[in-house]
Ligand code: SF4
Ligand code: ZN
Ligand code: ZN
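Residue numbers (this note's numbering): 2 to 308.
Given below as structure tokens:
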């Protein structure tokens, strides 16, 4: 434990936020995170008083932290509602444990929970997709199906918005990933709040987008949250891992790098949004979901997997 004192009370400090030059005890640190999330929510106008939020809950540190913070925030919005939506991708020895932890925490906090599975929605699991072709990159399939499953679960429970637990590190990595994939237009779709002006998709919000990953971990740890720490056995994000290592190195040498990258992306996003033509949407001929094409991305993928 540090010998420094908390800057906000008389307790011993457990953490120093170098960028601010401020030290925090456990209680003041957690309050500072909750306050920062509240400011992010206000700044981006993420919540309305009568919103029904579907929180994508995986059982990892990020989503369990967000669940705890949203439960506190929601008390300020008496007409709002929070439901946790979980997805069982069908990954043996991995997802089962995470789902158990998610259920336990929802029960402790008195939050309603709904779980959907790839098996019931798509007739196939991630483990089975991996077996169809070992050369496939599982995350690119699983990620698309996961987004669709969360969307379906959110609609099933009657939610008005979807909250995901992407933190500052995730967001900074995504900015660089989009650039390295030669797809800067994707920046528009990775905003802290994604509203569909056509009204066909639920609004998606990321209330943890200003919180560095290490502070999310510390919040979860200091709050005594039990979260899943093993990685998915199919994780195939080699480029993202390299970018993570690079950004962590940069952050150490040049504190504030990740924040700066996000602010630059925000400015770029504003410019791109003005120049991007609004794309019309059709109903997917297979599942009826909105898509700019004949079939949605998930139906296209399922077709190639099962072909
Ligand atoms: Fe799916 Fe990849 Fe996440 Fe595993 S790491 S759950 S395969 S998206
Ligand atoms: Zn304190
Ligand atoms: Zn479809």
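Ideal Cβ placement from N, Cα and C applies to all residues, glycine included. Being a predicted model, the structure only gives us computed values, none of them experimental.
Test item: CB-CB of residue i and residue j under 7 Å
i	j	result
residue 258	residue 267	no
residue 85	residue 58	yes
residue 150	residue 88	yes
residue 162	residue 54	yes
residue 91	residue 128	yes
residue 209	residue 152	no
residue 65	residue 223	no
residue 83	residue 112	yes
residue 45	residue 256	no
residue 191	residue 175	yes
residue 214	residue 170	yes
residue 10	residue 24	no
residue 99	residue 250	no
residue 130	residue 306	yes
residue 27	residue 42	no
residue 248	residue 173	yes
residue 146	residue 119	yes
residue 220	residue 31	yes
residue 238	residue 143	no
Best match in the options for proximity to residue i [C-alpha to C-alpha]
i	options	result
residue 77	39, 121 and 93	39
residue 80	190, 123 and 48	48
residue 231	142, 95, 17 and 68	95
residue 281	193, 106, 31 and 292	292
residue 154	179, 260, 114 and 189	114
residue 104	218, 201 and 60	60
residue 273	184, 254 and 50	184
residue 299	123, 109 and 29	123
residue 177	246, 202 and 136	246
residue 33	301, 235, 217 and 297	217
residue 234	20, 93 and 52	93
residue 182	241, 236 and 13	241
residue 200	283, 303 and 254	283
residue 148	290, 294, 4 and 295	290
Helix, strand or coil at residue i [DSSP, three-state]
i	result
residue 87	strand
residue 7	coil
residue 307	helix
residue 136	coil
residue 149	helix
residue 168	coil
residue 17	strand
residue 2	For residue 2, the predicted structure reports a pLDDT of 47, less than 50, and the residue's modelled location is therefore unreliable. A value from the coordinates is still provided. Residue 2 falls in the coil class under three-state DSSP.
residue 126	coil
residue 195	strand
residue 250	helix
residue 30	helix
residue 112	coil
residue 224	coil
residue 118	strand
residue 300	helix
residue 186	coil
residue 211	coil
residue 92	coil
residue 39	helix
residue 268	helix
residue 141	helix
residue 232	coil
residue 48	coil
Beta-bridge partners of residue i, as assigned by DSSP
i	result
residue 162	54 and 204
residue 131	DSSP output for residue 131 lists no bridge partner at all.
residue 292	283
residue 82	53
residue 23	18
Below-7 Å beta-carbon distance, residue i vs any chain C residue
i	result
residue 160	No chain C appears in the structure shown, which is made up of a single protein chain.
#### Entry: Chain-ordered residues, beta carbon under 7 Å from a heavy atom of ligand 2
Those residues whose C-beta sits under 7 Å from the nearest heavy atom of ligand 2 are, from N- to C-terminal order along the chain, 7, 9, 10, 12, 25, 26, 28 and 29.
### Query
Mind listing, in chain order, the residues whose beta carbon lies closer than 6 Å to a non-hydrogen atom of ligand 3?
Those residues whose C-beta sits under 6 Å from the nearest heavy atom of ligand 3 are, from N- to C-terminal order along the chain, 285, 287, 288, 290, 296, 297, 299 and 300.
### Query
For ligand 1, which residues count as neighbours when the test is a C-beta closer than 5 Å to any heavy atom?
Screening all residues for a C-beta within a distance smaller than 5 Å of any heavy atom in ligand 1 leaves 139, 140, 143, 144, 233, 235 and 236, in chain order.
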